[in-house]
Amino acid sequence: MSQIIITDMSFSYKTFYEPIFEKITLNLDTDWRLGLIGRNGRGKTTFLKLLHRELLPDNGKISMETDTELFPYENKVKYPLTMDVIKENIGGLRTLEDNLEDMEALGRYLELDGFSMESRIKKEMYRMKLAEELLLRDFSLLSEGEKTKVLLIALFLRKDTYLLLDEPTNHLDIRGKKDVAEYLRRKKGFLVVSHDRGFLDEVADHILAINKSDITLEQGNFTTWKQNKDLKDEFEARAGDRLSREVKQLERHSKESRAWAGTANAQKYAFASHARTNGVKAYMGQAKRSEQQIKDKIEEKKSLLLNFETTKNLEFEQLETEGAWLVKGKDIMYSYEGRELFFGLSFVVKQGDRIWVKGENGAGKTTLLKLIMGRLSTRGITRAEGLRITETLQEPLWKEGYLKEIITEAGINADNFENLCRLFDLPDSLFDRPLETFSKGELKKIEIARALSMENHLILLDEPLNYMDIYFREQLERAILAINPTLIFVEHDEWFGERVATRIIPVGE
Numbered sequence: 001m002s003q004i005i006i007t008d009m010s011f012s013y014k015t016f017y018e019p020i021f022e023k024i025t026l027n028l029d030t031d032w033r034l035g036l037i038g039r040n041g042r043g044k045t046t047f048l049k050l051l052h053r054e055l056l057p058d059n060g061k062i063s064m065e066t067d068t069e070l071f072p073y074e075n076k077v078k079y080p081l082t083m084d085v086i087k088e089n090i091g092g093l094r095t096l097e098d099n100l101e102d103m104e105a106l107g108r109y110l111e112l113d114g115f116s117m118e119s120r121i122k123k124e125m126y127r128m129k130l131a132e133e134l135l136l137r138d139f140s141l142l143s144e145g146e147k148t149k150v151l152l153i154a155l156f157l158r159k160d161t162y163l164l165l166d167e168p169t170n171h172l173d174i175r176g177k178k179d180v181a182e183y184l185r186r187k188k189g190f191l192v193v194s195h196d197r198g199f200l201d202e203v204a205d206h207i208l209a210i211n212k213s214d215i216t217l218e219q220g221n222f223t224t225w226k227q228n229k230d231l232k233d234e235f236e237a238r239a240g241d242r243l244s245r246e247v248k249q250l251e252r253h254s255k256e257s258r259a260w261a262g263t264a265n266a267q268k269y270a271f272a273s274h275a276r277t278n279g280v281k282a283y284m285g286q287a288k289r290s291e292q293q294i295k296d297k298i299e300e301k302k303s304l305l306l307n308f309e310t311t312k313n314l315e316f317e318q319l320e321t322e323g324a325w326l327v328k329g330k331d332i333m334y335s336y337e338g339r340e341l342f343f344g345l346s347f348v349v350k351q352g353d354r355i356w357v358k359g360e361n362g363a364g365k366t367t368l369l370k371l372i373m374g375r376l377s378t379r380g381i382t383r384a385e386g387l388r389i390t391e392t393l394q395e396p397l398w399k400e401g402y403l404k405e406i407i408t409e410a411g412i413n414a415d416n417f418e419n420l421c422r423l424f425d426l427p428d429s430l431f432d433r434p435l436e437t438f439s440k441g442e443l444k445k446i447e448i449a450r451a452l453s454m455e456n457h458l459i460l461l462d463e464p465l466n467y468m469d470i471y472f473r474e475q476l477e478r479a480i481l482a483i484n485p486t487l488i489f490v491e492h493d494e495w496f497g498e499r500v501a502t503r504i505i506p507v508g509e
C-alpha cells in the first residue's frame with residue numbers, strides 16, 4: 001500500500017482563462033478501486049494526465065512512489081499473435097525472450113516472472129471471459145471488445161504499477177461491461193473514469209467527484225455517493241434562496257461601504273473622533289478592513305452556491321394517433337452480409353411504450369431501428385397511416401453552419417429548441433458559434449434537442465448517451481419518466497435501460 005499525496009495543486013491550460021484545478025489537496029490510497037466522476041469538460045482526463053506526469057501542475061505538487069499507466073493506450077507491438085501482444089505490453093517480455101542468452105535480458109525476464117507468464121496470461125483470459133484460443137489468433141482480427149479486454153489484461157499483469165483507466169468500457173456491449181466489471185472486482189489499485197453508473201456500482205469502493213468548485217472524496221460505490229449527494233442537494237436547494245438573498249445584501253452593503261468611505265461625511269466623522277491626519281488614516285483603514293470582511297463573506301456564500309448542480313426537466317409533447325398502435329412487426333426476417341440477424345421477430349409499438357432494443361454488439365439493434373424508420377426495407381413491418389418518426393443518429397445530423405439558420409430552414413420552433421438547449425445546460429453563446437467548433441458532447445445534445453423539438457408520434461434514440469456524463473444521463477432519464485413519450489431506444493447503459501424501459505425487444509438471442 002502506498003499513498004498519492006496531492007498538495008495545493010493548481011492547473012490551467014494556457015489557452016483558457018479559468019483554472020481547471022485550484023489549490024487541490026488530496027490523499028489517495030493506491031489499493032483503492034477509485035471511481036472518478038464529473039461533468040464533461042470538468043477535468044477528469046486532465047486529472048489522469050497530471051497523475052501520469054504527462055502534465056505538470058502550475059503550483060503545488062503531486063507525490064507518489066509508484067509508476068502509473070494510462071488506458072486506453074495504442075498497441076505498437078510488432079508481433080501479430082495475441083499472446084505475444086500481451087507479453088510485449090508487459091515490459092517488453094516478448095523481445096526479452098529472443099535475447100535470453102544476454103545476462104541483462106535474462107535478469108529482467110526473471111524480474112518480470114517471464115517463465116510463469118504464459119500460465120498467468122491464460123488464467124487472466126479465463127477471468128476476463130475470453131477463450132484461450134484467442135491467444136493464438138492475430139490480434140488485428142479480434143473484435144474491438146476483445147482488444148479492449150486483452151489490453152486491460154496486459155496492464156494488470158504489470159508489476160508495481162498504478163493503473164489509470166479512462167472509460168475502459170467504451171466499445172463494449174452490456175455483456176462485455178459485465179465481464180470487465182467482474183474482472184475489476186477481483187483487482188485493486190486503480191483509478192477508473194466512467195459515466196456508467198451500474199459499472200461504477202460494481203467496481204468502485206471509493207468515489208472521487210470533480211464538482212464546480214472543489215473535489216470531494218467518499219468511501220463507497222456510486223449509489224452511496226449519489227444518496228449522500230441527493231441529501232446535500234436537497235439541503236442546498238432549501239438554502240439556495242436564502243444564500244442568494246444574503247449575497248445580494250452583502251454586495252449592496254459593500255457598495256454602500258465604499259461610497260461612505262469616500263464622502264466628506266466620513267472625513268467629518270473621523271475628524272470628530274481623532275486628530276485630523278491620524279483620524280482619516282484610521283478610519284480609512286477601518287473601512288478597508290470592513291470592506292474586505294464583506295468580500296470574504298460574499299465569497300464564502302458564493303462558494304456554497306457553486307456546488308449546487310442544477311438539473312432541469314425536459315418538457316415536450318408528442319402528436320396523438322387515432323389507432324392503438326404505431327408500428328407492427330410480424331415474423332420479420334433480415335440478413336446482412338450473409339448473416340441472419342432476424343428470423344421471425346414480432347412486436348407491436350403502442351402509444352406510451354418505451355421500448356429498449358437490447359442485444360450484444362453486432363446483433364442488429366441499429367439495423368432494427370433503420371427498418372422501423374424505413375431506411376432499410378423488409379417484409380413484415382407496418383406503420384400507422386401518417387406516422388411521423390424522428391430519430392437521433394449516432395453521428396449527429398447537424399455538424400456545419402449556425403443553429404439559428406439551420407432550425408429556421410428545418411421549420412423547427414425556435415423557442416422550443418432554445419428551451420431544450422438551455423435545459424441541456426448548453427449556453428446561449430452556442431447560437432453565435434459555428435457547429436464546427438462544438439465538442440462531441442455539445443453536438444450530441446444538439447442532436448437530441450433536434451429530434452425532440454420536431455413534431456412526431458414516435459422517437460428513435462440510437463445510443464443517446466454516448467459521450468454523455470452522468471448528470472445528463474440522469475437528467476434525460478428523469479425527463480423521459482416524467483413526460484412518458486413513445487420511444488424506441490438502443491443503449492448499452494443498463495442502469496438507464498432498466499429505469500426507462502416499459503418493454504424490451506431482445507435481438508440476437
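In full-length UniProt numbering, the protein residues as written are 1 to 509. Every residue, glycine too, gets a C-beta built ideally from N, C-alpha and C. Being a predicted model, the structure only gives us computed values, none of them experimental.
Assigned with DSSP and collapsed to three states, D462 falls in strand. For I470, the enclosing alpha helix (DSSP H) starts and ends at 470-483. In terms of Cβ geometry, L157 and I121 form a close pair [threshold 8 angstroms]. Here H457 is near R388, since their CB atoms are less than 8 angstroms apart. Annotation: the continuous alpha helix (DSSP H) that includes E498 extends over 494-500. Look at Q3 here: in three-state DSSP terms it is strand.
Taking 8 angstroms as the upper bound for CB-CB distance, S194 and E167 are in contact here, some 6 angstroms apart.
Three or more beta-carbon pairs separated by less than 8 angstroms are not found between the region 432-439 and the region 338-348, which leaves the two stretches without contact. Residues T82, M83 of the same chain have their beta carbon placed closer than 6 angstroms to that of L135, with the five preceding and five following residues left out of the count. A distance below 8 angstroms separates the beta carbons of G43 and I210.
Comparing alpha-carbon positions, the option among L460, D428, L151 lying closest to E418 turns out to be D428.
In the three-state scheme derived from DSSP, where H, G and I count as helix and E and B as strand, I90 is classed as coil. In the displayed model, E101 falls within coil according to three-state DSSP, outside both helix and strand. Taking C-beta separations shorter than 8 angstroms and ignoring five residues to either side along the sequence, the partners of N75 in its chain run V85, N89, F139, K147, L151, following chain order. In this structure the region 332-345 does not lie against the region 481-489, because fewer than three pairs of beta carbons, one per stretch, are closer than 8 angstroms. Under the DSSP assignment, I446 falls outside any beta strand (DSSP E), being part of the alpha helix (DSSP H) whose first and last residues are 440-453.
Distance between T224 and L112, taken at the CA atoms: about 38 angstroms. Counting of Cβ neighbours within 10 angstroms places Y109 among the buried residues, the total reaching 16 or more. For T382, DSSP records a beta bridge to K328. Each residue's CA atom was taken as its position, placing F11 and P57 some 5 angstroms apart. DSSP places D113 in no beta strand (DSSP E); its state is neither H nor E. Take H171, set aside five residues on each side of it, and the residues of its chain with a beta-carbon closer than 7 angstroms to its own are E144, G145, T148, in chain order. Less than 8 angstroms divides the Cβ of G359 from the Cβ of V507. DSSP places F47 inside the alpha helix (DSSP H), whose first and last residues are 44-51. The three-state secondary structure of I412, taken from DSSP, is coil. Looking from the CA of V500, the closest CA among D179, K188, Y336, D353 belongs to D353.
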